[in-house]
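Okay, structure first, notes after.
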Amino acid sequence: MTTGPGPQGGGSGGDGTEGAVIETQALTKRYPGDVIALDGLAVSVAPGITGLIGANGAGKSTLIKILLGLLEPTKGRASVFGIDCEKDGERIRTLIGYMPEHDCLPPDVTATEFVTHMGRMSGLPATAAKERAAESLRHVGLHEERYRLIGTYSTGMKQRVKLAQALVGDPRLMLLDEPTNGLDPAGRGAMLDLISRIGTEFGISVVVASHLLGEIERICDHIVAIEAGRLLRADTITSFTGASRMLRVEVDEGLAALADELARRGLSPRRQQRALLVPLADDATYDVLRDAVADLRAPLSRLELSRHSVEELFRDSDLTEVADVR
Amino acid sequence: MSADSALTDGAISARGVIHDRGYRRYEGPRLGRVQIIRALLWHSFRSAFGIGRGAKAKILPVIAVVAICLPAIINAVAVANGGSQVVGYESYLFALRVIVLTVFVAVQAPEMVSRDLRSRVLPLYFSRPMRRGDYPLAKYLAFTAACVILVDLPLVLLYLGTIASSKSGGIWPNTRGLLGGLAIGLMWAVLVSAIALALASLTGRRAYATGVVAIFFFLTFILSQIIQQIAGQGRGQFISPQTVPAGQRLAGLISPFNTLQGLTKWFSGVRVFHPGEGPVPDPGSYAPAYIVMFVVLLAASFAILAVRYRKAGVA
């Protein structure tokens, strides 16, 4: 959920359907040659940052193109802010900032020129486009280098320009297709921080399409997992992780003894490498754990709240195919 | 900095990003689709002459403009010094126009369309509030306008230079000649830019696009000229309009330039055929064939552009 600014009534222009940013019903897309990209997909996306998870070919890009009104669904319907994607794509596109997965930047212009032009194409008047281009580039951290030709940029900088051109038109929703593609770990972290800021501080709803489950988890409020064009699971991150909070306990020695002791006291610890994972029911669990460690005089070296990664959760619920994509 | 006191948002102050002024929504007016097309048109028109691009991008357009305007200026100066106007308004200097236009469109049409295809920037356009056909439409109008400048600018210079002189032969005949010439120039630009853009849009590789456009225009032009000469063998320098054989009259249809030149002669009523000045005789009773060819070439070019951009948008 968006905190701070809250759900802006202005963005949805009066026909806001109870906060749902995206809604699809029985959405089906069949390509020539009987390739089914989407197969009766029904999903509702709330404001905030939503991870759209799926393997390559799961239908993520097809869904994005339908949402942009660039592709007609074979069956079913999709809407963004309550506006029908098929009938009124033009209006929807004034509200969406789209960052494609592939390279989409001309090498022989400066970032400022390019983002300004894209701002014009989003419907900004000339002066506003210039101002917002400078601002967008500043937000993505390219203030100093903005007068350099894009061709001289690193992959990470190019990804930032792609993000800036999606941001320049002040969209209400951003569709980001694999934004961390081709980035090194540090670059991924920085890109995810940026997306997280856009979703929380800027108050813009974001859909991040990715096949990397673990990466997305950190910044998303919601997860929508699709596979073979169908909805696999949609839920909030907190409901995923909240249901299975774990305490991670590490002791320098006597791990087995501690496990036995905890089991004797009614907990069900699970061993994971050199640590124990203890399901956290309520605050009483902490007390039981403390007493057990104290009674055994076990050399406790670490006690922390451990969140399951999304992957593990999917694996727990028999969603191995998606998880294995990594 | 007073940033942390002013901003209640804990995330910002906690991270200590002092130069961050936060995100500001855009509350100003937004342009509609037509104004966006106009913005793209203006942007593309400028880039056809290398304006807003690097110095290198300006070299060819400048050479083209200078080359095509030079005879007009020279002739205007000559008229002022007592000479006569040897360059006509109808199709200006045909051979020069063919060469300069071919080189210009071969180099600049890829600048218009191949760059965007190559860098795969089209999805960014199509994800904005415009329709599928708007992009090629804006590009076409922009490029046609650029070609009009190239074709009609020398006529205007010639006109201004001529009427400024006392020996001009009167303002009215010159004005009439100029207006006819400008209209014919527009006809040239409409067709040549359409063909060039359609051919250039077939490939994202700029060098190939230039090659395809240049070869198409030159090859058809030379073929047309050869056939025209074969059909008209054994004739003298000055041929009366009645004795031109059908093959020679129809040979112009092979080349867009000669099709245009045939139409030019037909419209402007130049009945006398000087084989040295332009390869095509007045089409005479075959004029409808020239009109049909003009329409077919234009329609085919538009069809190629439409198909090309219907596909490119989704890919």
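Respectively, the protein sequence lines represent chains A and B. 235 is the number that my numbering gives to position 235 of the first sequence; each next residue is one higher, with no gaps. If you want my numbering, it's the 1-based position in the second sequence plus 326. Cβ atoms here follow ideal geometry from the backbone N, Cα and C, with glycine treated the same way. What you are looking at is a predicted structure, and each value in this text was computed from that prediction instead of being measured.
Proximity to residue i [Cα-Cα], best of the options
{"i": "A/E215", "options": "A/A20, A/T50, A/G19 and A/V45", "result": "A/T50"}
{"i": "A/A111", "options": "A/E144, A/R77 and A/D34", "result": "A/E144"}
{"i": "B/V424", "options": "B/F469, B/A632, B/G409 and B/L545", "result": "B/L545"}
{"i": "A/E253", "options": "A/G82, A/L276, A/I237 and A/R270", "result": "A/L276"}
{"i": "A/I92", "options": "B/I399, B/P499, B/A432 and B/S453", "result": "B/S453"}
{"i": "A/T116", "options": "A/R132, A/L105 and A/C104", "result": "A/R132"}
{"i": "A/G103", "options": "B/P614, B/V539, B/P449 and B/F593", "result": "The question names Gly, but residue 103 of chain A in the sequence shown is Asp. Among B/P614, B/V539, B/P449 and B/F593, the Cα nearest to that of A/D103 is on B/P449."}
{"i": "A/G266", "options": "A/V288, A/E250 and A/L255", "result": "A/V288"}
{"i": "B/Y349", "options": "A/A78, A/A46, A/A128 and A/L167", "result": "A/L167"}
{"i": "A/V251", "options": "A/E227, A/R297, A/A190 and A/L105", "result": "A/R297"}
{"i": "A/A55", "options": "A/M246, A/I237, A/L231 and A/S301", "result": "A/L231"}
{"i": "A/E201", "options": "A/A78, A/G48, A/R290 and A/G169", "result": "A/G48"}
{"i": "B/V474", "options": "B/V447, B/L512, B/P462 and B/R441", "result": "B/L512"}
{"i": "B/F583", "options": "B/V439, B/L366 and B/L549", "result": "B/L549"}
{"i": "A/V206", "options": "A/P279, A/G182 and A/L95", "result": "A/L95"}
{"i": "A/G156", "options": "A/Y147, A/L142, A/L183 and A/L41", "result": "A/L183"}
{"i": "A/S61", "options": "A/G203, A/E217, A/L38 and A/E113", "result": "A/L38"}
For residue i, the three-state DSSP class (helix, strand or coil)
{"i": "B/V633", "result": "helix"}
{"i": "A/G19", "result": "coil"}
{"i": "A/M121", "result": "helix"}
{"i": "A/Y98", "result": "strand"}
{"i": "B/H369", "result": "helix"}
{"i": "B/Q574", "result": "helix"}
{"i": "A/R271", "result": "strand"}
{"i": "A/T3", "result": "Residue placement at A/T3 cannot be trusted, given a pLDDT of 38 that sits under 50; what the coordinates show is reported in the next sentence. Three-state result, A/T3: coil."}
{"i": "A/E304", "result": "strand"}
{"i": "A/G40", "result": "strand"}
{"i": "A/V140", "result": "coil"}
{"i": "B/V621", "result": "helix"}
{"i": "B/A406", "result": "helix"}
{"i": "A/D177", "result": "strand"}
{"i": "A/Q209", "result": "Correcting the residue type first, residue 209 of chain A is Ala in the shown sequence and not Gln. If DSSP states are grouped into helix, strand and coil, A/A209 belongs with the strands."}
{"i": "A/E227", "result": "strand"}
{"i": "A/V45", "result": "strand"}
{"i": "B/E353", "result": "coil"}
{"i": "A/E201", "result": "coil"}
{"i": "B/M438", "result": "helix"}
{"i": "B/I377", "result": "coil"}
{"i": "A/R290", "result": "helix"}
{"i": "A/L68", "result": "coil"}
In DSSP terms, what residue i is bridged to
{"i": "A/K75", "result": "A/T28"}
{"i": "A/P279", "result": "A/M246"}
{"i": "A/H222", "result": "A/T50 and A/T236"}
{"i": "A/T110", "result": "A/L149"}
{"i": "A/I83", "result": "A/V80"}
{"i": "A/V251", "result": "A/L300"}
{"i": "A/G35", "result": "The question names Gly, yet the displayed sequence has Val at residue 35 of chain A. Note: A/V35 sits in a beta bridge opposite A/Y31."}
Span separating the alpha-carbon of residue i from that of residue j
{"i": "A/A164", "j": "B/Q555", "result": "60 Å"}
{"i": "B/A374", "j": "A/A134", "result": "26 Å"}
{"i": "A/L213", "j": "B/D460", "result": "38 Å"}
{"i": "A/L70", "j": "A/V161", "result": "23 Å"}
{"i": "B/F430", "j": "B/G507", "result": "20 Å"}
{"i": "B/Q411", "j": "B/L357", "result": "48 Å"}
{"i": "B/F628", "j": "A/G89", "result": "24 Å"}
{"i": "A/S268", "j": "A/I219", "result": "30 Å"}
{"i": "B/I489", "j": "B/G588", "result": "28 Å"}
{"i": "A/H139", "j": "A/K65", "result": "26 Å"}
{"i": "B/P601", "j": "B/P609", "result": "The predicted model places B/P601 with a pLDDT of 47, which falls under 50 and marks its position as unreliable; any figure quoted below should be read in that light. Looking at the two C-alpha atoms, the distance is approximately 14 Å."}
{"i": "B/E437", "j": "B/G408", "result": "43 Å"}
{"i": "B/P387", "j": "B/A626", "result": "27 Å"}
{"i": "B/I553", "j": "A/L63", "result": "56 Å"}
{"i": "B/A535", "j": "B/A515", "result": "19 Å"}
{"i": "B/F593", "j": "B/A383", "result": "36 Å"}
Residue i and residue j closer than 9 Å at C-beta
{"i": "A/G123", "j": "A/M174", "result": "no"}
{"i": "B/A402", "j": "B/G487", "result": "yes"}
{"i": "B/W368", "j": "B/A468", "result": "yes"}
{"i": "B/V518", "j": "B/F547", "result": "no"}
{"i": "B/R634", "j": "B/A533", "result": "no"}
{"i": "A/L137", "j": "A/P73", "result": "no"}
{"i": "B/R359", "j": "B/P455", "result": "yes"}
{"i": "A/L52", "j": "A/S210", "result": "yes"}
{"i": "A/P171", "j": "B/P355", "result": "no"}
{"i": "B/L443", "j": "B/G537", "result": "no"}
{"i": "A/L303", "j": "A/V249", "result": "yes"}
{"i": "B/P462", "j": "B/L422", "result": "no"}
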